[in-house]
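Visitor:
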Amino acid sequence: MTAIDEVTKSLAKATVSPKFELSFKGKGLKLNTAADAKDIVQAIKKCDHLTALRLEGNTVGVDAAEEIAKALGHHPEFERAHWSDMFTGRLKTEIPIALKHLGAAIIGAKCRLVEIDLSDNAFGPNGVVGLIDLLKSESCYSLQELRLNNNGLGIGGGKMLADCLTECHKSSVAAGQPLSLKIFISGRNRLENEGATALAAAFKAIGTLEFLAMPQNGINHPGISALADAIAANPKLKHLNLNDNTFTAKGAEAIAKALPKVENLEVINFGDCLIRTEGAKAIADVLRTSHKNLKELILSGNEINKTGAIDIIESLETKEFLEKLDLDANNFGEEGCEDIKCMVESLGFKDVLGSLSGDEGSDDEDGEDENEEDEEEEPEEDEEGDISTDVKLQVKGTAITPSKPITAKDFLAFPSPTKLLQLGNSGADSLLQELGTNAKEADKVAEMFTKVSVVVSKEDEAKAKACELADKLLQNLLNQDPNAGVKVANAILVCLGLLKGEDKKYKPPAKIDGALLVLDHVVRQSYFPKLARDIIQIFVSKPHPTLDKIPEIRHKLLQTLYAF
């Protein structure tokens, strides 16, 4: 089948919504030449009133982009460019040229853009070069939503983007049509402090943001402090996501000072930001008397101890709209976790607190080292275990601390990545022994699988260990009962909250990233039945709020499931 035939076939499935949106989303089209784009161009021309064009999930080359741009040039009413993931396999030198063609057509037609989405296009700083003319033009005076997630912009790209937004705002104000950007999303872009600081200056000038998401950008407290100033200048902000950047207490205190200026906040996501107990207390002090509309507060993975958590919980007492509180992967300890659960329940918050299964164990409340500058540069030393005097475990005079082995019961009482690795070579046997006769029960094995896998967060030793244990648990079950595949697949889906179970009181883990990463390994194995794979594929393919938050991991698992 030729490329043109593929386009023609997919064109029949293209849709035009009542809102005048032409969609080729997810068609997998390879548009290299002008001829490849012919039928799409005709579809665009046939639209009397085209406000949105979806090209996500296709790959568009320079010549095809130029041809599509010519057609778009006849639609001054065009407003929304849904163009994420449309340059797969393209050279970084091609993408700016393609973007320039599309941008020039939009400018020439005097369109008034409302939304640009170029997420999941790995074009780096070069991609911004292709956007400069468009972002500075009158066509972007009306821009409300800018999504540039996972583009690899880097510091340079971030600075160029900031310059474009600043200039656009300045000229739009002079023209009496001030840029009123509402949504800005730019996660996983390696912006670091310099890029974040440059963008913060632009946000501060614009002042109309309602949704700001900049997770996983390697931003430390100088960049966070700059963003805090910008946040304070955007009083309409409702959604703030700075997940997986390194605040430390300094950054958290800067953010805390800005929070009173954004009373309309509904979602705060500072997960994995290393705010520590001191930072948590600073945030709690502000929330205690403000933010009555707060719906979600995410502070997982922050080295917060029990006293910090108590302050946070107390600060939420009057938040009648609260739907989600995530405090997982902190340092509460077993007793602390129980106390926290009881405290949340005592405030009348039903089904609000997320799982605490990833808790890292109790921390010395007075032992926090606030020498943050050093900690941002150097990894912390693992202090678990006893100092060894074995000369074979000495490196340049520094004693290495071998990890203490723990029992399966210890791990299951408080699952964590560290404890998972400390199970040692006999971990699988220990878990099976702990299961006893339940090792033959699909639901019990699924529960064990879930506890082992949810502590995983990335491709590392913990993931490898979790995969090893999952293989042993599932193989043992399926060897005893070859027909248990369907049962265990259903049970795993129930445990992950992707399928409703009979136990109405069961609360699935708040984060299932690790479980999906381990499942991606499991479904590749010869012991795992095809029918079980098919069942998992059906449910992972369905819309689900938990899965919608982790599109990349979900997509990777689906790719594996389709391949086997």
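Note that our numbering gives residue 448 to position 452 of the sequence shown, counting from 1, and the numbers run on in steps of one. We treat Cβ as the ideally placed atom computed from N, Cα and C, and that holds for glycine. As the structure is a computational prediction, the values presented were derived from the model and not from experiment.
Three or more C-beta pairs closer than 8 Å, one from the segment 477 to 485 and one from the segment 326 to 345: is that the case here?
Guide: no
Visitor: Contact between the segment 90 to 109 and the segment 128 to 147: three or more CB pairs below 8 Å?
Guide: yes
Visitor: Out of curiosity, what's the CA-to-CA distance linking K507 and I309?
Guide: 20 Å
Visitor: Which residues mark the beginning and the end of the alpha helix (DSSP H) in which A39 is found?
Guide: 34 to 42
Visitor: Hey, out of G423, K253, N475, whose CA is closest to D281's CA?
Guide: The alpha carbon of D281 has as its nearest neighbour, out of G423, K253, N475, the alpha carbon of K253.
Visitor: If you run the structure through DSSP and keep just helix, strand and coil, what is S353?
Guide: coil
Visitor: Starting from N145, follow the alpha helix (DSSP H) in both directions and report where the run begins and ends.
Guide: No alpha helix (DSSP H) contains N145, which DSSP labels as neither H nor E.
Visitor: With DSSP run on the structure shown, which of helix, strand or coil describes H235?
Guide: Residue state, collapsed to three classes: strand.
Visitor: What separation, rounded to the nearest whole angstrom, lies between the Cα atoms of A458 and V448?
Guide: 10 Å
Visitor: R76 lies in the beta strand (DSSP E); which residues open and close that run?
Guide: Note, R76: beta strand (DSSP E), 76 to 78.
Visitor: Between the alpha carbons of V110 and L18, how many angstroms are there, rounded?
Guide: 16 Å
Visitor: On the three-state DSSP scale, how would you describe S342?
Guide: In the structure shown, S342 sits in a helix (DSSP, three-state: H, G or I).
Visitor: Rounded to a whole number of angstroms, what is the C-alpha to C-alpha distance between C491 and L427?
Guide: 18 Å
Visitor: Pick helix, strand or coil for V58, following the three-state DSSP scheme.
Guide: helix
Visitor: Run through DSSP, which three-state label would D370 get?
Guide: With a pLDDT of 40 at D370, under the threshold of 50, the modelled position of this residue cannot be trusted; read the value that follows with caution. Of the three classes helix, strand and coil, the one that applies to D370 here is helix, per DSSP.
Visitor: Over what stretch of residues does the alpha helix (DSSP H) that includes E464 continue unbroken?
Guide: 457 to 476
Visitor: How big is the Cα-Cα spacing for T11 and N145?
Guide: Residue placement at T11 cannot be trusted, given a pLDDT of 49 that sits under 50; the coordinates are not used to answer.
Visitor: Please name the residue in F266, P525, K42, F207 whose C-alpha comes closest to that of N241.
Guide: F266
Visitor: At what residues does the beta strand (DSSP E) containing I264 begin and finish?
Guide: 263 to 265
Visitor: Of the residues S115, K66, K21, L68, which one's Cα is nearest the Cα of R50?
Guide: In this structure, K21 is the residue among S115, K66, K21, L68 with its C-alpha nearest to the C-alpha of R50.
Visitor: Does the count of Cβ pairs from the segment 150 to 167 and the segment 185 to 192 closer than 8 Å reach three?
Guide: yes
Visitor: Report the rounded CA-to-CA distance for V340 versus E299, giving the unit in angstroms.
Guide: 19 Å
Visitor: Within a Cβ cutoff of 8 Å, which residues of the same chain sit near C164, ignoring the five residues on either side of it in sequence?
Guide: L131, K132, S133, C136, Y137, L139, L175
Visitor: Spatial neighbours of H30 within its chain, please: CB distance less than 6 Å, with the 5 preceding and 5 following residues excluded, ordered by chain position.
Guide: The sequence given here places Ala at residue 30; His does not occur at that position. The answer, listed in chain order, is D59, E63.
Visitor: Taking only runs of the alpha helix (DSSP H) that begin and end inside the segment 166 to 244, which ones reach a length of at least 4 residues, in chain order?
Guide: 188 to 202, 217 to 228
Visitor: Between the segment 192 to 211 and the segment 230 to 244, do at least 3 Cβ pairs fall closer than 8 Å?
Guide: yes
Visitor: May I ask you to report which of helix, strand or coil DSSP gives T385?
Guide: Caution applies to T385, whose pLDDT of 33 falls short of 50 and renders its modelled position unreliable; the value that the coordinates give is listed next. In this structure, T385 counts as coil in the three-state DSSP scheme.
Visitor: Closer than 8 Å by C-beta to I91: which residues in its own chain qualify, once you throw out the five before and the five after it? Chain order, please.
Guide: F83, N117, F119, N122, G123, G126
Visitor: Pull up the DSSP beta-bridge partners for L27, would you.
Guide: V56
Visitor: Using the Cα positions of I251 and E274, report the straight-line distance between them to the nearest angstrom.
Guide: 13 Å
Visitor: Pick from L283, P505, R284, K246: whose alpha carbon is nearest that of R272?
Guide: K246
Visitor: Could you pull the start and end residues of the alpha helix (DSSP H) that D530 belongs to?
Guide: In the DSSP assignment, D530 falls within the unbroken alpha helix (DSSP H) covering 526 to 537.
Visitor: L195 and L157 look like a contact to me (Cβ under 8 Å); what is the Cβ gap, rounded to whole Å?
Guide: 7 Å
Visitor: Grab me the residues of K526's own chain with a C-beta within less than 8 Å of its C-beta, minus the 5 sequence neighbours each way, in chain order.
Guide: Answer for K526: F560, listed in chain order.
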